[in-house]
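Chemist:
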Amino acid sequence: MLSNTSLLFLLFLANLLPQSSAQAPQPAQTPQPSQSEVTTLRAGTQLVVVDVVVTDKGQNPIRNLKASDFALLEGGKPQQIKSFEEHSVQSAKPIQPMPVFPPGIFSNYTPAPTGGAVNILLLDTLNTPVLDQIYLHDQFHKYLKTSTPGAPMAIFGLTTRLWMLQSFTSDPELLKAAINNKNIKNSPLIDRVSGGNSTQLADQLTEASNDAKGDGLSAIDPYLIALIKQFDTEISSNQLQLRVKYTLDAINELARYLAGIPGRKNLIWFSGSFPLDILPDPTLLYPLNVVGSSEDEYRETTNLLTHAQVAVYPIDVRGAMTSPNMDVSQSTEIYVDDPTRFGADQIKFHQETALENLTMTRMADDSGGHAFINDNDLADAVNKAVAAGSHYYTLTYSPSDTNWNGNFRKIQVKLQQSGVTLAYRRGYYANDPNGPSVATHLASKTRKDSATAAPRTDPMHVAMMRGAPQPTEITLKARVLPASTQPETELAKDNTLNPSSDVKGPYRRYAIDIAADPSSISIQRAPDGNYHALLQFLTYVYDQDGSLINVVSNPVRATYSPTVYRQILHTGIPYHVEISVPIKGPYFIRIGLHDLATNHIGAFEVPVDAIKNLPPVATTASTEPPAPAKK
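Residues -24 to -1, 1 to 607 (mature numbering (1 follows the signal peptide of the UniProt record, and there is no 0)) are what the sequence shown spells out, left to right.
(1) Going by DSSP, what residue range makes up the beta strand (DSSP E) through V288?
(2) Figure out for me which residue from T316, R232 and R240 has the closest Cα to the Cα of L569.
(3) If we call anything under 9 Å between Cβ atoms a contact, is P458 one with P550?
(4) Mind checking whether L371 and S143 have CB atoms under 9 Å apart?
(5) Could you check if S498 is buried or exposed, using at least 16 other CB atoms within 10 Å of its CB as the buried criterion?
(6) Mapping the DSSP letters down to three states, classify M336 as helix, strand or coil.
(7) Please report the distance separating the alpha-carbon of Y368 from that of E62.
(8) Quick check: the Cα distance between H113 and T101, rounded to an integer number of angstroms?
(9) Applying the 10 Å Cβ sphere with the 16-neighbour rule, what's the burial state of E273?
(10) Check whether the stretch 26 to 38 touches the stretch 389 to 396, taking contact to mean three or more Cβ pairs, one atom from each stretch, closer than 8 Å.
(11) Quick check on the DSSP output: what are the complete alpha helix (DSSP H) runs of length 4 or more inside the stretch 485 to 549, in order along the chain?
(12) Going by beta carbon distance, what residues of the same chain come within less than 6 Å of G481, once the five residues before and after it are set aside?
(13) Since A93 contacts S270 with CB under 8 Å, what's their CB separation in whole angstroms?
(14) Within the present structure, is the beta-carbon of Q327 separated from the nearest heavy atom of the ligand COA by less than 8 Å?
(15) Which one or two residues does DSSP pair with residue 611 in a beta bridge?
(16) Please state whether the Cβ-Cβ distance between M361 and G345 is less than 9 Å.
(17) Tell me the DSSP bridge mates of G133?
(18) Count the other CB atoms within 10 Å of the CB of N228; is the residue buried (16 or more) or exposed (fewer)?
(19) Contact defined as beta carbons within less than 8 Å: I believe Q115 pairs with L354. What is the distance between those atoms, to the nearest angstrom?
(20) Of the choices D253, S476 and S523, whose alpha-carbon is the least far from that of N214?
(21) If you run the structure through DSSP and keep just helix, strand and coil, what is Y85?
(22) Could you tell me the alpha carbon to alpha carbon distance between R137 and L216, rounded to whole angstroms?
(23) Alpha carbons only, please: which of L203, N157, A153 and A154 is nearest the one belonging to L177?
(24) Identify which residue in Q56, L230, P251 and A347 has its Cα closest to the Cα of S212.
(25) Between the Cα of A296 and those of F348, T337 and D434, spot the shortest distance and give me the residue it belongs to.
(26) Among all the DSSP beta bridges, which residues are the ones paired with I555?
Pasting the structure below:
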């Protein structure tokens, strides 16, 4: 059975194909009313979706439960279950093939199994020491030998960016090739296990000072060593916060990619993890200089995972760990004159490990998954994660509390049957679905954490990266064809060359006609009866090395008459843009749409080689694009 999004996608696909760009309805250019004048359109009652995994004492799924067996509470108050559905491996349908589009037609529509949960493996080398990565590869090959045939899985890799290594497949050979992908490189921000004594410069100077005193020479000034230790630790704190930023950005990007796939998604996250909060270090001259917090960013990640119906199953690749302080590779010279240092290093190791484990546990609990920590059998952990997420119940309800104040609301699910274990997300942030997006709110806040904290990332910067996974929060369809057969020396209107690029013309101009699924876009009705949306259309041109060449960026305050509004509900929201691409060399066009009201994103990529020899469009848009949004 098609989801509502898939059905609507097929409808506006059918309407897009016969239209020329001149026939596509264009947004009018009228002023945007103030927020107080806008009456928000609701697509229906706000629903909360809760997936519940029910297992017995042997971790076996309990089947054939009914809605009447469950009690659902929010903030301690009973809620009425609106819908109830049981899912299992048996109810899952095969992956449908990608629709065959006519030449020049492209989309970010992503076929995936429906009716049951899908599994995604995330290989996180950014937060995993090198030696543990080797063990991970061995364990994954072991898993493939014992996994259930036909269970589809997608594989992603995380370095300082997210890589799609393999789309959904059940072919074990393709999965093996994906995990051996050469794009997954070692992390530049981590080199060993957390905590304990290290080979930082301050410790090397401490050893040298002890050696000098033993030889009757002058010791190194302790204050100098303390300053160098301060510097070393601040650098490490900055690198750690960069890892947190890159990781949460990647998980956000992955959630956006998975949002267009119906049903539950089990994200199996192989990682060494990281702490969300960096605590003061009392051994430093300035303990507060290394403090950092990523709670705001984590909240945004939680919301995106909730929206995409993703349950996270973190697996600590390091397995059962012991303190590195007594490892034979570590020096004990630094403990000679300071007998308290060993105890402090032990406490530091256990504190950092506990904070890292807490991140995994929180992400699992907040999304309805389960964390596997201190477990050396990684293959068995994957089997357990897949099994746990393969049979579940989906419950929905409309909250009795309609005050969307952004506070965290606790969800509680109870079952009449005793002796069972329930796994489900424990709550959600009650953000106004028609108010400013969380990302917009957070971006406007003044950061209160460490001065070394990494700046927030624009979600469109990540979504528009060359080769990045295609976000599917907004389903897009586009016709991309040459606008003419003649080379041009000038850029198309509103095109901006990257100043750092040395690429020059001649160029070929391409016409892009977009149709966007309106069901995931905030369209608001004004008192005058017209409908409004605040959108950002982006079109980038990249070379084969991922260097940005050309950009078209159009923030649009789109206004639709009631007649046009009714039409776009069936045909999709239209937009026309033209972009210039150098004639010589392989290039790629990345097309994206950002709903600035909801922070929903859709994007996909077109290789120019696939369209450069197609016949040019018969007509081009005669209507000017909407006026840019006022800042």
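Note that beta-carbon positions come from the ideal geometry of N, C-alpha and C, so glycine has one too.
Modeler: Let me spell this out:
(1) V286 to D292
(2) With distances taken between CA atoms, L569 lies nearest to R232 out of T316, R232 and R240.
(3) no
(4) no
(5) buried
(6) DSSP places M336 in the helix class (H, G or I) of the three-state scheme.
(7) Looking at the two C-alpha atoms, the distance is approximately 6 Å.
(8) 11 Å
(9) buried
(10) yes
(11) 538 to 547
(12) T465
(13) Actually they are not in contact, since the Cβ atoms of A93 and S270 sit about 28 Å apart, beyond 8 Å.
(14) Although the ligand COA was asked about, the structure shown includes no ligands whatsoever.
(15) A query on residue 611 cannot be resolved here, the shown segment of the chain reaching from -24 to 607 and no further.
(16) As written in the sequence, residue 361 is Ala, which differs from the Met given in the question. Yes, Cβ-Cβ distance for A361 and G345 is below 9 Å.
(17) Partner residues in the beta bridge of G133, as assigned by DSSP, are L99 and W139.
(18) buried
(19) 4 Å
(20) D253
(21) coil
(22) 15 Å
(23) L203
(24) P251
(25) F348
(26) Y486
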